[in-house]
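Below is one structure, written out as structure tokens; the observations come after it.
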Amino acid sequence: MAVEMHPNRSIVDALGADLRARAHGARRGVYLYFRCLGQQMKAIMAYETDFIVLLLSAVLVQLAGFAVIWAIFQRIPSVNGWTFWQVVMMYALIFVTEGVGSLFFEGTWRLSSLVYTGQFDQMLLRPVSPIVQVLAGAVGFNGLGNLVTGFVLIGIAVTNVPVEWTPGRLLMLAILIVSASVIRVAINLASAASTFWIRSPWSMVPMFVHRLGDFAKYPITIYSYAVQALIVVAVPFAFVSFFPTAWVFGVDAWSLPGLLTPLVAIYAVLMSVWLFRVGLRRYESSGH
Amino acid sequence: MSGLRKYVSFARTSLEITFVYRAGFVLNMIGTIFYVVAMFYLWQTVFLGNPGSLGGFTWPEMKAYILVSFLLSSLLTWYDEWVMSQDIREGYVAVDLARPFDFQASRFARAMGPIIFEATSAVGVAAVVALVFGGAALPADPGRAALFVVSCALATIIKFGLVYCVSMTAFWTTSIEGIMVGRSAIQNIFSGALIPLVFFPDWLQSVAAVLPFQAMISTPALVYLGKLDAQSTAVAIGVQVVWAVGLLFLGRLAFRQAVKVVTIHGG
Amino acid sequence: MPPLIEAHGLTKKFRQAVKEPGLAGALKHFFVRQYRDKLAVDHIDLAIEPGESVAYLGPNGAGKSTTIKMLTGILVPSSGSLIVNGLVPYEKRQRNARNIGVVFGQRTQLWWDIPVVESFNLARDMYEIPADRYKKNLGEFTEMLGLAEFMNVPAAKISLGQRMRADLCMALLHDPRILYLDEPTIGLDIAVKDSIRKFVRARVEEYGTTVMLTTHDLGDIEDICRRIVIIDNGKIIHDGDLATLKDTYARDRVIHFQLARPAESMAAICQKLPACEVASDGLRLSVRFDRFEHAAGEIAGAVMPLVEVIDFRIDEPEVEDLIRRVYLGQLSLAPGDEPELRSAKPAVVAEA
């Protein structure tokens, strides 16, 4: 068809068509993600008590962790120069992002069992990206408990920041929280993709990586360089909690990397999608 | 002896399964280690800023405390609870009911199977962490070490008793996942797993004192460190015995009730 | 026009962990893992034209499901080439998905916790089925498959037969060109099997949908398929139409006669029918013959004058029997081998 056309014109058209197709694909992905997630929500809402118990249990877990920080700061004014509210902010960011992960993207945690049992087959038979289907595959209502408690803690923490809150600063805070959540979910997805290499119904790699986040509940300055490298470079949990906190509280030495958080988020997404795709080619289904 | 044999067989099979899931087990272990290591760094920094003792703990004592807590947390993992409640939920218990053995005893045997493996791995890991961080306090004399082992054994029985009771709720509710998470959160606070109870304000300490959780971690850890005099040690271990027996009994009671539910509703 | 499905040298290799039994084995496995390669599908060539209905058969573990999974894009082949409807399935998985409908008998495509109709609606959105076509198809399928009674029940709560019908409906809502059925009637009762077969046959006949079917139920084959492909140990050992399979390998027939009095002279009958196998047992007489050598009437004509016949019937070997013999290795279908005519069934026993 394009034979008659001027070559440049056809390239422009092709590019335009490609872009339109991509935009359409992205919109469709987002739409189907919410569509699937909505179904999961409905299914879970049917179990009302489970929902409440999960929510409360998540709040309890948070309070347990918070109690430790609080008890320590009862005895000492600061750890390595970091104050109580700064540490609370880091801690809360870990939990808010975890809440986003469980509430909206819990499906990543199901991937290993889907792959092990071969139920993942079904996701490959539909004309929708398996990544979208995995992300929308489950809803973890405990995430709501994490989100609420986490945001309450963040709310209290930021009132203790010795800076004035301009609209720009507030916007940046929002961008940082969103970026931190994106990084967290990308880390979940990438670690879940490990199941394509390690076939076990209890693939613990995601849990293992998840627990790395424990390091980021506290200021990274307390760690050795090896641990710092681990959570800054290898699995960028420091960008989920520490660097954004440093920026919010205006801790000069560390606040600049805090501004890089959105870029790290983009990088994390690209890496996790790439890993997932490479892993997908190794998928062996089950019971040949 | 022959009556014991079937339970030994349960323990063996369960241990085999643990090996099969080696990757899972090792990684689970490493996952907990991260928390321990993070706590080590945190406390190290705290003690660097405040040399001497904090809440009656010196840095070597605190290191020992964290490692004992880690060791006890590694025994009887969530896996046992999860499997038990799943079996109940999926109705496999009905099959077990038809078999000639005591349900609680068989579950105990299954939980104990991997425990030697869990314990040796945890001790090994604890030793490595202790070495990296310049050593930790050891029990002052063999007598105390022996008492510590006894206290740990009791703590493990209490943990089993508790986990067993919690799993029983699967007969009545589908919320077992949330209940498990809630159980471990409450346990983490009141057992002293996260931080020695002495760091809490008095009212919280009094609450902890009347709950079974402190007998699961705080008691063995304090026995290890010799924080209790002879009389308090005897009392603390006595309390452990009471909780162990009480929880096992409560579990049996719950199971008897549950079986009624199953037989009425046809499982 | 090229075939709709075309595979050349299609191969899938799996790595299997080798475990020794017992505690010692588990311990050993903990430290050293051993693997061996298994060729699930071994250089198969396959060409399926649009509108064909193909039964893909083989014993358990022969490589049927692995082949289907490669054709649908679930698995990436280890080697060989594969084109389905102009696409390489695993490379263009999502585009391929729009052209195909898949039903796995062992596993549902429905969302477990939500009402069946919601699953259909979700499928509509995923496949971007135009509203009018969706309405038309759903109405038609609901009618033909009798889905109305459980449309609003969650998939978790419907019976297996209902689930299979719902799955079949969902697989076809987007009017796929190709329908893959992996043991679609497993565990179902006769009535449901029948309605499923009828439905699939109608799709093939009216819409020209290409069907590829794996099954252990030979009723499925006879009702739906014209062509049979048999795979064993990862290799295709037969590819041809059902009639030819029967003509080539199921040539013998048996006529059973019911007699008024015991036969007086077996020798006379045997003499008249030298190429046949004659057996009698009291009032029963049976003659096994090659249907390309003799017509049934010929046999009857030869026997009737010698004995007093009350009744008779003719047995044809069933496809099921035929294929069972192939699986058991009693009948070799490899090229060059002479067909073995003797049936696996024991012939009517000894003389009276």
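Chains as they are written, first to last, in my numbering: chain W, 44 to 331; chain P, 477 to 743; chain G, 5 to 356.
Yeah, the Cβ is synthetic: ideal placement off N, Cα and C, and Gly gets one too.
Quick caveat: nothing in here was measured; it's all calculated off a predicted structure.
- Excluding residues up to 5 positions away in sequence, His-178 lie with their Cβ nearer than 6 angstroms to the Cβ of G/Tyr-131 in the same chain.
- The three-state secondary structure of P/Val-601, taken from DSSP, is helix.
- Between the beta-carbon of W/Leu-178 and that of W/Thr-151 there is about 7 angstroms, and that keeps the pair under the 8 angstroms contact cut.
- By the Cβ rule, the stretch 142 to 156 of chain W counts as touching the stretch 246 to 262 of chain W, because three or more pairs are nearer than 8 angstroms.
- Taking the beta carbon of P/Val-522 as reference, the chain W residues within 7 angstroms of it are Ile-115, Ile-119 and Val-122, listed in sequence order.
- Taking all protein chains in view, the Cβ of W/Met-133 is crowded by 16 or more other Cβ atoms within 10 Å, so the residue is classified as buried.
- Note on P/Gln-733: under 16 other CB atoms within 10 angstroms of its CB, so exposed under the neighbour-count rule.
- Taking the beta carbon of P/Tyr-568 as reference, no residue of chain W falls within 9 angstroms; the closest one sits roughly 17 angstroms away.
- Taking 8 angstroms as the threshold, the shortest C-beta distance from W/Asn-185 to chain P falls below it.
- Residue pairing of G/Met-216 in beta bridges, as defined by DSSP: G/Val-58 and G/Tyr-184.
- Think of a sphere of 7 angstroms around the beta carbon of P/Gly-531: the chain W residues whose beta carbon falls inside it are Arg-118, in chain order.
- The same chain holds no residue with a CB closer than 6 angstroms to that of W/Ala-69 once the five nearest residues on each side in sequence are set aside.
- Chain order gives no chain W residues near G/Met-174, where near means a beta carbon separation below 8 angstroms; the closest approach is about 10 angstroms.
- Between P/Thr-521 and W/Ile-137 the beta-carbon gap is near 18 angstroms, outside 8 angstroms, which marks them as no contact.
- Neighbours of G/Glu-187 across chain W, judged by C-beta separation under 7 angstroms, do not exist; the nearest C-beta is about 12 angstroms away.
- When the Cα atoms are used, W/Gly-256 and G/Gly-90 turn out to be separated by approximately 47 angstroms.
- None of the residues of the stretch 196 to 216 of chain G has a beta carbon lying less than 8 angstroms from any beta carbon of chain W.
- Under DSSP, no beta-bridge partner is assigned to G/Glu-122.
- Boundaries of the alpha helix (DSSP H) around W/Thr-304: 304 to 323.
- Of the candidates P/Val-657, P/Ser-694, P/Val-699 and P/Met-560, P/Ser-694 places its Cα closest to the Cα of P/Phe-675.
- As computed with DSSP, G/Asp-41 is found in a beta bridge with G/Arg-19.
- Within chain G, the residues Gln-98 have their CB atoms less than 8 angstroms from the CB of W/Ser-172, given in chain order.
- In the structure shown, the three-state DSSP call for G/Asp-171 is helix.
- Its Cα nearest to that of P/Met-588, the residue P/Lys-635 stands out among P/Thr-534, P/Lys-635, P/Phe-533 and P/Glu-653.
- Judged by DSSP secondary structure, W/Leu-219 falls outside any beta strand (DSSP E) and instead within the alpha helix (DSSP H) spanning 210 to 235.
- Annotation for G/Gln-113: Asp-171 and Met-174 place their beta carbon closer than 6 angstroms to its own, counting only its chain and skipping 5 residues before and after.
- At least 8 angstroms separates the beta-carbon of G/Ala-59 from that of G/Leu-310.
- Contact note: P/Val-559 does not reach chain W at a C-beta cutoff of 9 angstroms; the least C-beta distance is about 11 angstroms.
- If you draw a 10 Å sphere on the C-beta of W/Thr-140, you find 16 or more other C-beta atoms in it, and that means buried.
- For the stretch 79 to 108 of chain G, the residues whose beta carbon sits under 8 angstroms from a beta carbon of chain W are, in order, Leu-79, Val-80, Tyr-94, Arg-97, Gln-98, Arg-99, Ala-101, Arg-102, Ile-104, Val-106 and Phe-108.
- Residue contact check for W/Lys-260 against chain G: no CB pair falls below 8 angstroms.
- Just measuring C-alpha positions, the residue of W/Gly-293, W/Ile-119, W/Val-182 and W/Leu-216 sitting nearest W/Pro-205 is W/Gly-293.
- At a cut-off of 8 angstroms, the C-beta of W/Leu-214 has no neighbouring C-beta in chain P.
- P/Asp-678 is the residue among P/Asp-678, P/Leu-638 and P/Arg-575 whose C-alpha sits nearest the C-alpha of W/Ala-114.
- DSSP, reduced to helix, strand and coil, places W/His-67 within a helical segment of the structure shown.
- By the Cβ criterion, the stretch 694 to 706 of chain P is in contact with the stretch 614 to 632 of chain P, since at least three pairs of Cβ atoms, one from each stretch, lie closer than 8 angstroms.
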